[in-house]
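Here's the structure, in C-alpha cells; my notes come after.
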Amino acid sequence: MDLKCNDIKKAYGEGEARQEVLRGINCEIHSGEICVLLGTSGSGKSTLLNIIGGIETADSGCIDIGDECTENMSEKDLDKYRRNNLGFVFQFYNLIPNLTIKENIEVSAYLSKNPLEINELLKTLGLYDHKDKFPNQVSGGQQQRCAIGRALIKNPSVLLCDEPTGALDYKTSKEILELIEKVNEKYHNTIIIVTHNDAIKNMAHRVLKLRDGIIYKDIINETRTPAIELEW
Amino acid sequence: MRNPLLKRIPRDFRKNWSKYLGLFLILSLTIMIGSAFSSTLESTVRIMNTVETDNRLENGFFETSSPISDDLISQLEELELEIAAINYQRINDFDKSAKLLVFDERRKIDIPSIFDGKLPESPNEIAFDRIAAREHGLKIGSEVNLNGQSFTLCGTVAFPDYNSLFANNSDMVMNTTDFGVAVVNHEGFERFDKECTVYRYAYRFRNQDLSDSEKADKAEEIIKTLYSNMIVPGDFLTAEANQSISFLKNDIGKDGPMMEVFVYILIAVIAFVFAVLTNNTIDSEAPIIGTLRSLGYSKHEIIIHYLMPSVIVTLVASLVGNIIGYTLMLNPMYDLYYTTYSVPKIITVFSVPAFIKTTLIPVIIMPVINILMLRSKLSLSPLKFLRHDLKKGKTRRTVRLTRGSFPTRFRLRVILQNKGSYIMLFFGIIISTLLLIFGMGLAPMFDNYVDSIADSVTFENQYLLKTEYEITDSDAVFEKAEVTTLKTNYSLTDKDIDVSMLGIEPDSNFFREINLPPAENEGIISSAMANKLGLKAGDSVKLTHPYSGEEYTIKISGIYEYSGTIGIFLKRSNLNKLLANNEDAYNCYISDSKLDIPEAVIAKYITKKDMCGAAKQMLSSFDSILKLVNIFSVVIYMILLFILTKAVIEKNALSISYLKIFGYDNKEINKIFLRATSITVIISLAIAIPIDIMLIKLLMVYITAMIEGYISFWVPSRIYLLIAVICICAYYIINAIHVRSIRKIPMQEALKCRE
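Protein chains in written order, with my numbering: chain A, 4 to 235; chain B, 1044 to 1798.
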C-alpha cells in the first residue's frame, strides 16, 4: 500500500513563539519500502512520523494510505486508521510490565482481524524461548524485539519506528536493524524509520532528509547495505 | 480472542492485594450494614402494616372517669367507626417502682400479637409485653403479684398501641425500664378493684383509607359527641399524635434516608479513593497508554480497562455485603429494634427497593465517578501520553518554594505533588472523625442533658390532678400550678409539637430566678423551647388548643434556663384567664417531697428521677450501636489512611530510590516522605474536628426535630482530645508499616526502569 504525504504543515505555539516545524512536506513512499527519515534534532522528522501515524494532527495537508485519507478524520476514525494500517515501535519499549512477552504481543493481535501466527512470529523475533517471561526478566534488546513483535503481529501495511535503536548498544542495535530488514523481506510491510544515525540510511530503499521542516533530499538507494554490514 | 489486557487484572489484584482488600472491606462493610439495615426497615414496616390490618390497630382513643353508656357508643358508631373498651388498671409499684398498665382482654381493636407462649385463657394468667417481661426478668411461668392479686406469666406479646413504651405521651423518650404493659383475660381483670379502673375506649374507622384531614375531622366529631353527652375526656389521642404508636413509624421513616445518605457518602468517598489510585496508575503507565492508543486501542477500551478493578471490587463487595447483610447481620439488626421497640416477630423479606438503594445505586455511583475521572484524564492525545505530558491546557506554574531548609521544601513538594491523595485523606478523616465524635460524644451529650434537667428542675415531684384537691396539712414545700398542653407549629418538620403551658405562682419557691411578666398574653419560655424553635425574647409564638382548636398568641418576654420541657411559664392567674378558667384554678402540685394525695385524684405522678431516668434509659438502648459505630469509624479511618499514604509512597518510589543512591539513610527518607503525611494527617485532624462539630450541630437540629424535647449539642473537650489521640495512634501504626515498606524499596529501582 503506497503512502503519500500531501503538503503537510505543522506549527507549534502562537504569536512570536510560533514555530513552524513542518513547512509543506510532499513525498511518496511505495509499498514494501524501507524508508529512513534522517535529520538533526528539531528537523521535524518525529513530528512527520507522528502525523503519518495519526497520533498528531497536521495543521494542513493530509496523508493518503491506499484509499484512506487522514484529512478531517474524527478521533474514532483515527483509532480505526491506526488499528487497521499501522504498527508503532518507539525508542522506549513501553511494554506492559505485568504481561509476559507473548501476552504483550497478543495485546496488539487482539486488535487485528487477521493477525500473524504468534508462535511463528516469536521464532522470527528470536523470542520463542522467552515468551513466558515478564519484560523485567529479559534484556533491553529482547524488550525491543517484543515491541517490534507487538507492532508486527497485526500485520500492518505500514510499520513506523521512532528511533528504534536509540536506547540500545551497538551490537543490539544491529540485531534490531537486521530484524527489521528480515521482517520487511518476510512480510513486505512499508517501514518508516526515524533516526539521527546516518549509517542506518544505507539499509533503506529510500532516504528522506529533513532540515528546518522540509525535505531537502529524497534519495533512492540503488545499492543497499545489509544491516549486518552497517558500521557507525 | 479474549482481550489480553484482562490478564493484567488478577495480577494487579495479587500485586496490590492490601490496597484492594482495604477498599473491599470498607465497601462490603458499608453495603452489609446498608442492606441489613434497609431490609430490617422494610421487614419492620411490613410487619407494622400487618399489625394495622390484622391486629386492627386503633385510630385513636379517649379516656373517661366512668364507663360510657351503650347509647353513647351507638352515637359514636354512627360516625362510621367501631368502638371498643380497652380498660386498664394502673399498677404504680410493680417490681418496686415501675408503672404497669394491665389491660382487659382485647378482641375487637388493638389485639396483641403473641411473641412467645399464649394469650391469657384463665383468670390467673397474664401476658406481658415482651420488653416489659425482659426488663423485669420475667419468663413464662413466672409469678407476678399485682395489687395483691397473683398471676402466672403465660406469654409475651406485642401491643399494637404500645410499640414504643412511652409512659406519658408528652415524654421525650421511651422508658422501657420503668414502664410496661400487660394483658389479662376478662375474668382476670375482674379480680382488680373496679374503683381503680381507667376507662379507655379505642376507636377504629370503618374506612381505613381516610385522609389525614378527614381523620382529624372525625376526631373532632367524636369530641363534640362526647361533650354533647356531658363527657369530658380525661385524655384524647389520635393514633398520629400517640407517640406509643407513631414514634416507631416516624423513627423508621427518618432512619432509612439517614442510613442511605451515610451509605452514599461512604461509597462516594471510596469511589474518589479509587479515582485517585487509578489516576496514579495512569500517571505511571502513561507511555503504555500512549502506545496502546498508537496501536489502535480506542479511548473507550482504555477507560473500560482501568475501570474494571473498581467495578469488580464493588460487585464482589456488594455480593459479599448482601450475603452477610441478609444472613449474619440480620439478627443483630433485628435486635436493635427488639431491644428498643415492642414489635411482633419480624419476618425477613427480600426488599427490591432496599436492594436498589443499598446495592444497585452504590454499584452505579462507583463507575460513574470513575468514568468521569477517566474520561477527563484520558482525553489527552496519545502523543501526550507517550511524552508523559499529562498536564491539561497550558503548563501550570510550579509553586516556588524558597523558604525553609531543603528537607522542609522537599516535604512541601511531596505534599503538593500528592495533593489528590491528601485531599481524599482529608475527606476520609472528616467522615471517620464525624462518626467517632457521634459514637463517643452521644453518651456525654445525654449525661449533660440529664445533668441539665437535674439542675434546672428544682422540684422533686409533680402531681397532675383529675380534680382540684386542697392539701391542708403537709411538711413539704409545695405549690399549686395550672398545667396544660397546647400545640405549636414546628417549621422544620411542618408538624405540630406539644408545648407545656405552666401557670406557676408569681413568687414561686421552685422557680426563684424567673421574673414572670404581668400581662396575660406574655410569658417566659424554657431554654429547651428557645433552642428547639429558634425563639428569642420579643418574638411571639402562636399556640393552638388540641381539641377546641382555639388559637392563642403569647409574646416572649424572656428565656428561663430549663431543659425539662418545651414550655412557656406564665402567672397561674394569667394562664387561667387565657384559658377562660377560674382565675384560681389549678390542676397540678409541685413539691420538694411526696404529698399525701389520694390515688383517685392523681391523673399523673412524675418525679425528677423519672425525667432523668428516661434519658439514661434511651442512651442504654443505643449503647451497642454506638460501640459498632466507633469500631467501624476507626476501621474506615485506618484503611483509608493506609491506602492513600501507600499510594504516596508508591508514587515516590523512584525518588526514594534516588535518595538512597545519593546517600540518604532510611531515617532521613522517612523524615521527608512520612513526615509530609504526618503533617497532612495532623493538619487534617485539626481542621476536620471543627468542621465535624459544625456538621453535627446541623445534624442535631434534624435529630432533635424527631424527638419531643431538645437536647443541646455538648461534647466535652476530652472526647475531642481522645479522638485526636486515637487517630494519631492509628496513624503511627500505619506509619510503622510504611517505614518497613520504604526500607524495602531497592536502589536498583532508579537504575533499572529509566525510560
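Glycine included, each C-beta is placed from N, C-alpha and C at the ideal position.
Nonlocal neighbours in the same chain, by C-beta distance under 7 angstroms from residue i, ignoring five residues either side
| i | result |
| --- | --- |
| Val-1356 (chain B) | Tyr-1063, Leu-1066, Phe-1067 and Leu-1070 |
| Ile-1715 (chain B) | Pro-1450, Phe-1453, Arg-1454 and Val-1457 |
| Tyr-1506 (chain B) | Cys-1631, Tyr-1632, Leu-1638, Ile-1640, Ile-1645 and Tyr-1648 |
| Gln-145 (chain A) | Leu-130 and His-133 |
| Asn-1365 (chain B) | Ile-1074, Ser-1078 and Thr-1402 |
Straight-line gap, residue i to residue j (C-alpha atoms, nearest Å)
| i | j | result |
| --- | --- | --- |
| Ile-1679 (chain B) | Ile-1712 (chain B) | 28 angstroms |
| Arg-1133 (chain B) | Asp-1221 (chain B) | 13 angstroms |
| Ile-1699 (chain B) | Arg-148 (chain A) | 31 angstroms |
| Leu-1618 (chain B) | Ala-1314 (chain B) | 59 angstroms |
| Asp-80 (chain A) | Asn-117 (chain A) | 19 angstroms |
| Ile-121 (chain A) | Glu-181 (chain A) | 20 angstroms |
| Ile-104 (chain A) | Leu-130 (chain A) | 8 angstroms |
| Asp-1799 (chain B) | Lys-1388 (chain B) | This structure cannot speak to residue 1799 (chain B), because chain B is shown only from 1044 to 1798. |
| Ile-1169 (chain B) | Gly-1191 (chain B) | 14 angstroms |
| Ile-1800 (chain B) | Phe-1104 (chain B) | The first residue shown for chain B is 1044 and the last is 1798, placing residue 1800 (chain B) beyond what the model contains. |
| Asp-1147 (chain B) | Gly-1231 (chain B) | 8 angstroms |
| Glu-1043 (chain B) | Asn-1102 (chain B) | Missing from the structure shown is residue 1043 (chain B); chain B here goes from 1044 to 1798 and no further. |
| Phe-95 (chain A) | Thr-168 (chain A) | 9 angstroms |
| Arg-1797 (chain B) | Asn-1323 (chain B) | Only weak support is given to the placement of Arg-1797 (chain B): the predicted model assigns it a pLDDT of 48, under 50, and the value that follows is read from those uncertain coordinates. Going from the Cα of Arg-1797 (chain B) to the Cα of Asn-1323 (chain B) covers about 18 angstroms. |
| Lys-1689 (chain B) | Asp-1294 (chain B) | 41 angstroms |
| Met-1044 (chain B) | Ser-111 (chain A) | 11 angstroms |
Contacts around residue i, its chain only, beta-carbon distance under 6 angstroms, and the 5 residues preceding and following it disregarded
| i | result |
| --- | --- |
| Val-1363 (chain B) | Ser-1071 |
| Ala-1175 (chain B) | Gly-1223 |
| Ser-115 (chain A) | Lys-157 |
| Lys-1530 (chain B) | Asp-1539, Thr-1587 and Pro-1589 |
| Glu-1233 (chain B) | none |
| Cys-65 (chain A) | Asn-9, Cys-72, Thr-73 and Glu-74 |
| Lys-1509 (chain B) | Val-1644 and Ala-1646 |
| Leu-1478 (chain B) | Val-1672 and Ser-1676 |
| Ala-202 (chain A) | Leu-233 and Trp-235 |
Where residue i falls: helix, strand or coil (DSSP)
| i | result |
| --- | --- |
| Thr-1281 (chain B) | strand |
| Ile-1722 (chain B) | helix |
| Met-1372 (chain B) | coil |
| Ala-61 (chain A) | coil |
| Phe-1453 (chain B) | helix |
| Gln-1251 (chain B) | coil |
| Met-998 (chain B) | This structure gives no information on residue 998 (chain B), because the portion of chain B shown stretches from 1044 to 1798. |
| Ile-1366 (chain B) | helix |
| Gly-143 (chain A) | helix |
| Ala-1245 (chain B) | strand |
| Leu-1559 (chain B) | coil |
| Thr-193 (chain A) | strand |
| Ala-1623 (chain B) | coil |
| Thr-1608 (chain B) | coil |
For residue j and residue i, believed in contact at Cβ under 8 angstroms, the rounded distance
| i | j | result |
| --- | --- | --- |
| Glu-1125 (chain B) | Tyr-1246 (chain B) | 7 angstroms |
| Val-1145 (chain B) | Val-1200 (chain B) | Their Cβ separation, rounded to whole angstroms, is 13 angstroms, which puts Val-1145 (chain B) and Val-1200 (chain B) out of contact at 8 angstroms. |
| Tyr-1755 (chain B) | Asn-1461 (chain B) | Here residue 1755 (chain B) is Ser; the residue named in the question, Tyr, does not match the sequence. So it is not a contact: roughly 40 angstroms between Cβ atoms. |
| Phe-1605 (chain B) | Leu-1621 (chain B) | Inspection of the sequence shows that residue 1605 (chain B) is occupied by Tyr rather than by Phe. Their Cβ separation, rounded to whole angstroms, is 20 angstroms, which puts Tyr-1605 (chain B) and Leu-1621 (chain B) out of contact at 8 angstroms. |
| Ser-1634 (chain B) | Ser-1394 (chain B) | Going by Cβ atoms, the distance from Ser-1634 (chain B) to Ser-1394 (chain B) rounds to 52 angstroms, so no, they are not a contact pair. |
Beta-carbon proximity of residue i to residue j, cut-off 8 angstroms
| i | j | result |
| --- | --- | --- |
| Pro-1759 (chain B) | Pro-1589 (chain B) | no |
| Ile-1567 (chain B) | Leu-1559 (chain B) | yes |
| Phe-1202 (chain B) | Asp-1153 (chain B) | yes |
| Leu-1468 (chain B) | Leu-1738 (chain B) | no |
| Phe-1209 (chain B) | Phe-1290 (chain B) | yes |
| Ser-1570 (chain B) | Ile-1602 (chain B) | yes |
| Leu-1008 (chain B) | Thr-1476 (chain B) | Here chain B has residues from 1044 to 1798 only, and residue 1008 (chain B) is not among them. |
| Phe-91 (chain A) | Leu-1338 (chain B) | yes |
| Ser-63 (chain A) | Lys-7 (chain A) | no |
| Leu-25 (chain A) | Ile-195 (chain A) | no |
| Asp-1172 (chain B) | Tyr-1205 (chain B) | yes |
| Ser-1353 (chain B) | Val-1406 (chain B) | no |
Same chain only: Cβ atoms within 8 angstroms of residue i, ignoring 5 sequence neighbours per side
| i | result |
| --- | --- |
| Glu-184 (chain A) | Ile-37, Met-206, Pro-229 and Ala-230 |
| Gly-46 (chain A) | The sequence given here places Ser at residue 46 (chain A); Gly does not occur at that position. Correct list, in chain order: Leu-213, Arg-214, Asp-215 and Gly-216. |
| message | Short of 9 angstroms Cβ to Cβ, which residues in the stretch 116-131 of chain A face chain E? | response | No chain E is part of this structure, whose protein chains are labelled A and B.
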